[in-house]
Amino acid sequence: MHTEDWPSTIEEALATQERLRGRVDLTDDLPELPPTVTGLDVAYDDAGGIAAAVVTLETAGLTVVEERTHRAKAVFPYEPGLFAFRELPPLLAALDRLERTPDILVCDGHGLAHPRRFGLACHLGVLTGLPAFGVGKTPFIGSHEPPPASRGCSAPLVDAGELVGAVLRTQDGVKPVYVSAGHRIGLAHACRLTLALTPRYRLPETTRHADRLSRAALR
DNA sequence: GCGACAG
DNA sequence: ATCTTGTCGC
Numbered sequence: 001m002h003t004e005d006w007p008s009t010i011e012e013a014l015a016t017q018e019r020l021r022g023r024v025d026l027t028d029d030l031p032e033l034p035p036t037v038t039g040l041d042v043a044y045d046d047a048g049g050i051a052a053a054v055v056t057l058e059t060a061g062l063t064v065v066e067e068r069t070h071r072a073k074a075v076f077p078y079e080p081g082l083f084a085f086r087e088l089p090p091l092l093a094a095l096d097r098l099e100r101t102p103d104i105l106v107c108d109g110h111g112l113a114h115p116r117r118f119g120l121a122c123h124l125g126v127l128t129g130l131p132a133f134g135v136g137k138t139p140f141i142g143s144h145e146p147p148p149a150s151r152g153c154s155a156p157l158v159d160a161g162e163l164v165g166a167v168l169r170t171q172d173g174v175k176p177v178y179v180s181a182g183h184r185i186g187l188a189h190a191c192r193l194t195l196a197l198t199p200r201y202r203l204p205e206t207t208r209h210a211d212r213l214s215r216a217a218l219r
């Protein structure tokens with residue numbers, strides 16, 4: 001979309017985060033189990049090429065109802081904390097191609113569990129106005145105790161005295177995932193949805209589908 | 001001050 | 001992110 005005025009320097013990106021962070025709304029109006037869930041992911045090749053994929057699943061049954069991709073060149077370098085400026089452009093383009101407006105976005109990355117409380121899930125939520133939350137595979141900021149080993153157990157993720165997310169066990173005895181709210185959803189609800197999306201594997205079905213599709217779109 | 005740092 | 005063999009377990 002408006003990649004003309006997209007931040008191109010770290011200073012501009014930081015200023016953008018500072019300007020948009022106040023637009024995050026944590027009010028949760030979402031039904032307990034929205035009709036659909038939309039996952040997003042981006043794959044990279046070794047020549048600056050990137051491919052974004054968005055996949056919408058029916059929440060009950062986790063079957064694919066729609067999927068879209070978008071290929072492009074990376075316009076921002078990877079920088080911890082500014083991750084969104086790299087993945088957002090292709091993701092927004094892919095989202096624009098969906099016919100059905102998503103009920104909620106499940107991002108692979110963090111939301112409030114970010115140094116300035118404005119990770120990818122928050123940014124994506126604010127720009128689209130859609131509910132969004134993040135499910136990260138690895139920790140970024142914050143400290144926590146290891147959650148009990150059973151699926152469904154979690155431990156609070158705290159940073160600077162603030163509760164920024166949850167470390168959630170999605171499978172018995174398997175490494176946990178990092179869940180944080182992004183926009184228009186609460187942490188507990190985000191955790192419940194994450195569990196609904198992980199009946200069998202560690203990562204949400206949305207993320208698994210989007211990951212597979214983005215890699216395929218790269219070729 | 002130094003190191004670590006989502007994907 | 002991506003590069004990769006073998007290996008353990010259902």
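Here the first sequence is numbered in the working numbering, starting from 1 and rising by one per residue.
A virtual CB, placed ideally from N, CA and C, is assigned to each residue, including glycine.
In the three-state reduction of the DSSP assignment, Asp5 falls in the helix class, which pools H, G and I. In this structure, the beta-carbon distance from Arg184 to Leu30 falls below 8 Å.
DSSP assignment within the region 133–167 yields the following whole beta strand (DSSP E) runs of 3 residues or more, N-terminal first: 154–159. With contacts defined as CB atoms closer than 8 Å, Leu187 and Ala181 qualify as a contacting pair.
Distance from the Cα of Asp108 is smallest, within the candidate group Leu193, Leu92 and Val179, for Val179.
Counting only unbroken stretches of 4 or more residues, the alpha helix (DSSP H) elements lying wholly within the region 43–114 are 84–96, in sequence order. Closest option to Ser143, judged by alpha-carbon separation, among Ala84, Ala160, Arg116 and Val177: Ala160.
Straight across, the Cα-Cα distance linking His114 with Gly22 is about 14 Å. Boundaries around Val179 are those of the beta strand (DSSP E), Val177 to His183, since no alpha helix (DSSP H) includes it.
DSSP places Asp29 in the coil class of the three-state scheme, outside both helix and strand. Straight-line measurement puts the Cα of Ser8 at about 21 Å from the Cα of Ala43.
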